[in-house]
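Counting with full-length UniProt numbering, you get residues 1 to 288 for the letters of the sequence shown.
Positions of the beta carbon are idealized from the N, C-alpha and C atoms, including for glycine.
Okay, so here's the structure we're looking at.
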Amino acid sequence: MAHPAFDDFLPEALQFHAPEPLVDIGANLTHESFQRDLPAVVERARAANVTTLILTGTDLEHAKQAALLAEEHLGFFATAGVHPHDASRWTPALGREMAALYAHPKLVAVGECGLDFNRNFSTPTEQEHAFEAQLALAAESGLPLFLHERDAGPRMREMLKSWRDDLADAVIHCFTADKETLYGYLDLDLHIGLTGWICDERRGHHLRPLVSDIPLNRLMIETDCPYLLPRNLPSKLKGRRHEPALLPWIAREIAHWYGISEAELGQATTQTAHTFFRLSAQQLKESA
Ligand SMILES: [Zn+2]
């Protein structure tokens, strides 16, 4: 099968093509940095064999935009939630608007939501309040959760534990914590999302020996673009904006530390993501 060609934005050393179709479970494509050249970004993702994108919705406005984008593109899906940074803006009325959005056929998860005690842009109390409300929405809608957690592992576990029986699935996106936290999450039967954090020799090395502790049917991969550009890319990138076409590089790195081939990792994480987000056979065929 012929693949779409790369344009000349990415240097040749960064024109990856994954051996198996990949799912980027965390792409912030509604971020303003993608506004001027989104069609080209989408084309490059396809050229890289990143066939399915889950667009992260971090507040109501971005979630609506993500749902619209998902309507327009095969293989695109969206999440809708309020990020812990914005938790202070949570109101019951906002919750009702979110609930209405969950009926959208391309809306596949509640989130990004959770707890971030690292930066505390909203107070911990505000964060817990907004998160609790979104746990209820996830239970009510039956959708899986797309979770953000930084420096809040114990509290996150506690809150999830009391809700766990009422929740479908949940993924800790961009997992960066330690072994104990990882095992705690796996004990709750959660999924784990890994980003290019693992490519960072300064702060990602602790993740490397942990990777193979994550069962393949619990592991998914993501760019979290435009954030978290991998630090070990084999060539410089103009603008330093991360994008889905670079996901194969992250997959390669994770496969290396897992001790399996890139193809095996690609196939397994894609299967896991399809199951986790309940992408229908029809939707899969359309995005293949
Ligand atoms: Zn996040």
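| Asked | Found |
| --- | --- |
| Assign I198 to one of three DSSP states: helix, strand, or coil. | helix |
| Who are A109's beta bridge partners in DSSP? | T79 |
| Mapping DSSP to helix, strand and coil, what is E149? | strand |
| For the region 69–78 against the region 110–129, do three or more pairs of beta-carbon atoms, one drawn from each stretch, fall closer than 8 angstroms, so that the two count as touching? | no |
| Just verifying my parser: in three-state terms, what is the DSSP assignment at L143? | coil |
| With DSSP as the reference, identify every bridge partner of R181, one or two as the case may be. | Looking at the sequence provided, one finds Thr at residue 181 rather than Arg. For T181, which the question treats as bridged, DSSP gives no partner whatsoever. |
| Check each residue's C-beta against every heavy atom of ligand 1 and list, in chain order, those closer than 6 angstroms. | E112, H148, H173 and C174 |
| Using CA atoms only, rank isn't needed, just tell me which of L237, H256, A152 and R96 is closest to N120. | A152 |
| Report yes or no: do the region 161–172 and the region 199–216 share at least 3 C-beta pairs separated by less than 8 angstroms? | no |
| Determine the burial state of A100: buried for a count of at least 16 other Cβ atoms within 10 Å of its Cβ, exposed for fewer. | exposed |
| Roughly how many angstroms separate the alpha carbons of A70 and R44, rounded to a whole number? | 17 angstroms |
| If you count every other CB in all the chains shown that lies within 10 Å of the CB of Q127, and 16 or more means buried, which is it? | buried |
| Rounded to whole angstroms, what's the CA-CA distance from L228 to A139? Just pull it up for me. | 31 angstroms |
| In the structure shown, what three-state DSSP assignment does H129 receive? | helix |
| Can you give me the C-alpha to C-alpha distance between F175 and I192, rounded to a whole angstrom? | 6 angstroms |
| I need the straight-line Cα distance from I25 to M220, nearest angstrom please. | 7 angstroms |
| With a threshold of 8 angstroms on Cβ separation, who are the neighbours of K106 within its own chain once the five nearest residues in sequence on each side are excluded? | A67, A70, E71, F76, F77 and A78 |
| Which two residues bound the contiguous beta strand (DSSP E) that contains T270? | Run containing T270: none in the beta strand (DSSP E); it sits in the alpha helix (DSSP H), E262 to F276. |
| If we call anything under 8 angstroms between Cβ atoms a contact, is residue 289 one with W90? | It is not possible to answer for residue 289, since the shown part of the chain is limited to 1 through 288. |
| Are three or more beta carbon pairs between the region 255–269 and the region 237–247 nearer than 8 angstroms? | no |
| Between R164 and ligand 2, is there a pair consisting of the residue's CB and a ligand heavy atom that are separated by less than 7 angstroms? | Summarising the ligand content, the structure contains ligand 1 and does not contain ligand 2. |
| Which runs of the alpha helix (DSSP H), 4 residues or longer, sit entirely within the region 30–100? | 38–47 and 60–72 |
| Taking the alpha-carbon positions, what's the S287 to E264 distance? | With a pLDDT of 49 at S287, under the threshold of 50, the predicted position of this residue should be treated as unreliable, and no value is reported. |
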